[in-house]
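Chains as they are written, first to last, in the numbering used here: chain A, 4 to 302; chain B, 4 to 302. Beneath this line is the structure, given in structure tokens, with notes to follow.
This is the structure in structure tokens:
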């Protein structure tokens with residue numbers, strides 16, 4: 004059955020990713036908590052804390068079956084109250100402000116009316132935007148997309164810009180990446196093709212992010228960079244609690260709270276009315292937190 | 004005009020409260036930022052940072068007139084898109100985990116269809132619940148309520164329990180207090196009576212909270228208490244970003260972001276799956292974070 008094939012892929016991916024991250028971090032290993040869903044199914048939460056590079060990170064697998072409340076059905080624009088959902092969701096918060104926060108997610112849904120689709124994406128939230136690294140990241144995302152469909156990158160890059168956006172701040176969460184949802188079978192593209200794409204997205208993540216970890220882990224920083232990191236993490240918290248659909252879905256479908264909120268950092272800060280000095284690296288980063296930047300060609 | 008009388012009261016209250024808090028804190032004064040609303044009106048944000056007792060605190064006045072979007076009209080269950088709103092909103096985050104976080108708010112709404120009402124309340128979020136202090140707080144709230152109506156306290160205490168509730172954690176934000184909304188004129192109670200009640204709530208706040216500041220400011224604490232405080236502040240952030248109607252109203256009506264989010268603490272923390280040791284003071288506090296505790300008679 005296709006559903007079981009997808010679930011098995013998600014389990015394997017979780018395990019492979021944790022292994023790759025542990026190997027790169029070198030200082031801590033992932034703990035494992037398994038949990039059961041209130042309705043049917045459950046998950047495996049794997050969390051790393053106090054590593055050499057990673058201060059706090061989670062790689063969550065879940066596969067749950069349930070029924071959405073009428074109110075939530077509408078809010079999520081779901082075609083049917085019955086659902087099956089499986090996926091892996093990842094958030095990594097490094098100690099160093101020189102190593103970007105990252106998030107990635109691959110997921111599969113089946114609604115009771117027979118509709119099925121994939122969603123997912125990868126995005127990067129540097130504390131200090133390094134345009135060259137952002138460009139390399141986007142080029143890699145384009146490469147993965149291009150292998151499957153010529154319009155994927157352009158579409159999914161825009162989707163990430165629009166999605167990872169703190170509307171109340173008029174500011175993107177980071178330098179974006181790709182984001183996609185409701186990738187169903189069409190006349191042209193089979194659901195197996197969709198899975199092949201999602202598979203490639205998933206397995207592009209570790210090679211890319213561990214390279215960034217290695218490139219940036221020994222860069223020096225001080226108190227000022229740390230303070231800026233804590234504030235940027237505050238914006239990350241704002242996005243996750245106010246807008247993130249995965250978080251909303253989890254909170255409203257009685258998911259395991261500690262697994263859903265493992266995306267929040269160990270420490271975050273809010274300073275009233277903080278404005279970076281004009282011309283500073285912090286001000287420069289703020290300039291990059293905009294939609295529609297052509298990261299492929301940024302200098 | 005009644006509306007102007009209410010607005011003048013709100014302005015006076017903001018200024019009186021800041022003065023009382025500055026006098027008690029003794030280490031810092033409130034800054035003043037005035038801002039204009041995108042539609043009509045504006046506000047005065049007064050913020051204290053780095054005081055002797057108060058690490059970060061805001062006392063916001065605003066008076067704005069505008070039009071709600073259809074979607075938001077429904078979400079807030081408002082009778083008309085046109086509105087006038089004025090109020091004072093207060094959040095105080097002390098340095099010391101021995102001094103409770105507090106929030107209070109008094110507000111007045113007029114809808115385009117002529118309906119007008121008051122709302123408000125005071126609530127207390129101790130990092131370590133001191134049952135005696137919580138009892139004194141609730142007794143004072145009852146006293147203020149009883150002066151105006153025999154059912155106010157019971158009603159508004161329950162309202163606070165239900166409102167200041169982190170549903171996803173099944174945990175109250177703190178020890179509650181009173182919360183009320185949509186207090187309109189009735190056959191029995193005039194709108195001027197409502198204002199008199201709101202006035203008494205407002206002016207009960209400073210004497211009570213400055214007493215707690217003074218009682219608790221010199222209590223000793225260490226690293227363990229500080230860590231617990233940062234985690235409890237994390238829950239405070241969760242409530243404000245996920246549930247708080249005032250925050251939602253502000254974010255959706257394009258209020259001034261820095262004024263709305265001054266309610267967030269300088270520093271907050273999330274630890275994966277943290278559970279207090281059985282029998283510890285932290286575990287005891289968690290036991291108190293429940294609805295329907297009879298605080299008036301707690302031992």
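Glycine included, C-beta positions come from ideal geometry on N, C-alpha and C.
Going by DSSP, what residues sit across from residue i in a beta bridge?
i	result
residue 66(B)	45(B), 89(B)
residue 271(B)	271(A)
residue 59(A)	52(A), 96(A)
residue 168(A)	175(A)
Nearest CA to the CA of residue i: which residue from the options?
i	options	result
residue 21(A)	242(A), 82(A), 213(A)	213(A)
residue 244(A)	256(A), 280(A), 266(A), 225(A)	266(A)
residue 166(B)	17(B), 125(B), 270(B)	125(B)
residue 74(B)	73(A), 60(A), 78(A)	78(A)
residue 120(B)	6(B), 293(B), 262(B), 264(B)	6(B)
residue 129(B)	16(B), 187(B), 12(B), 98(B)	98(B)
residue 57(B)	85(B), 96(B), 23(B), 64(B)	96(B)
residue 292(B)	93(B), 271(B), 238(B)	238(B)
residue 181(B)	215(B), 66(B), 144(B), 15(B)	144(B)
residue 338(B)	186(B), 69(B), 247(B)	Given a span of 4 to 302 for chain B in the structure shown, any question on residue 338(B) remains unanswerable.
residue 118(B)	262(B), 174(B), 84(B), 200(B)	84(B)
residue 248(B)	263(B), 259(B), 236(B)	263(B)
residue 170(A)	15(B), 301(B), 254(B)	254(B)
residue 285(A)	81(A), 242(A), 302(A), 229(A)	229(A)
residue 231(A)	278(A), 52(A), 39(A), 196(A)	278(A)
residue 76(B)	88(B), 252(B), 290(B)	252(B)
residue 174(B)	111(B), 296(B), 44(B)	296(B)
residue 63(B)	50(B), 139(B), 55(B)	50(B)
residue 37(A)	47(A), 86(A), 211(A)	47(A)
residue 268(A)	242(A), 283(A), 276(A)	242(A)
residue 91(B)	72(B), 13(B), 176(B)	13(B)
residue 298(A)	135(A), 281(A), 233(A)	135(A)
List, in chain order, every chain B residue whose beta-carbon is nearer than 7 angstroms to that of residue i.
i	result
residue 260(A)	171, 172
residue 241(A)	244
residue 100(A)	Simply none; closest approach about 16 angstroms.
Return the first residue and the last residue of the beta strand (DSSP E) that residue i is part of.
i	result
residue 288(A)	Element bounds for residue 288(A): not the beta strand (DSSP E) but the alpha helix (DSSP H), 284 to 291.
residue 303(B)	Residue coverage of chain B in this structure runs from 4 to 302, which leaves residue 303(B) outside it and unanswerable.
Starting from the beta carbon of residue i, find every residue of chain A whose beta carbon is closer than 8 angstroms, and list them in chain order.
i	result
residue 276(B)	36, 50, 261
residue 175(B)	Those do not exist, as residue 175(B) stays about 15 angstroms from chain A at its closest Cβ, beyond 8 angstroms.
residue 269(B)	272, 273, 274
Can you name the residues of chain A whose CB is closer than 9 angstroms to the CB of residue i?
i	result
residue 59(B)	273, 274, 275
Using a Cβ cut-off of 9 angstroms, pull out every chain B residue sitting near residue i, in sequence order please.
i	result
residue 265(A)	273, 275, 276
residue 254(A)	170, 171, 245
Since residue i meets chain A, which of its residues come closer than 7 angstroms, beta carbon to beta carbon?
i	result
residue 73(B)	Within 7 angstroms Cβ-Cβ: nothing; residue 73(B) doesn't reach chain A, min ~15 angstroms.
The alpha helix (DSSP H) that contains residue i, what's its start and end?
i	result
residue 259(B)	Taken as a continuous stretch (DSSP letters only), residue 259(B) belongs to no alpha helix (DSSP H), as it is neither H nor E.
residue 277(A)	Neither: residue 277(A) is in no alpha helix (DSSP H) and is coded neither H nor E.
residue 13(B)	5 to 28
residue 73(B)	73 to 78
Is there a Cβ of chain C sitting closer than 8 angstroms to that of residue i, yes or no?
i	result
residue 165(A)	In the structure shown, chain C cannot be found, because the protein chains are A and B.
Whole runs of the beta strand (DSSP E) within the segment 176 to 230 of chain B, excluding any shorter than 3 residues
180 to 186
Hey, which unbroken runs of the alpha helix (DSSP H) at 4 residues or more fall wholly within the segment 103 to 152 of chain B?
134 to 149
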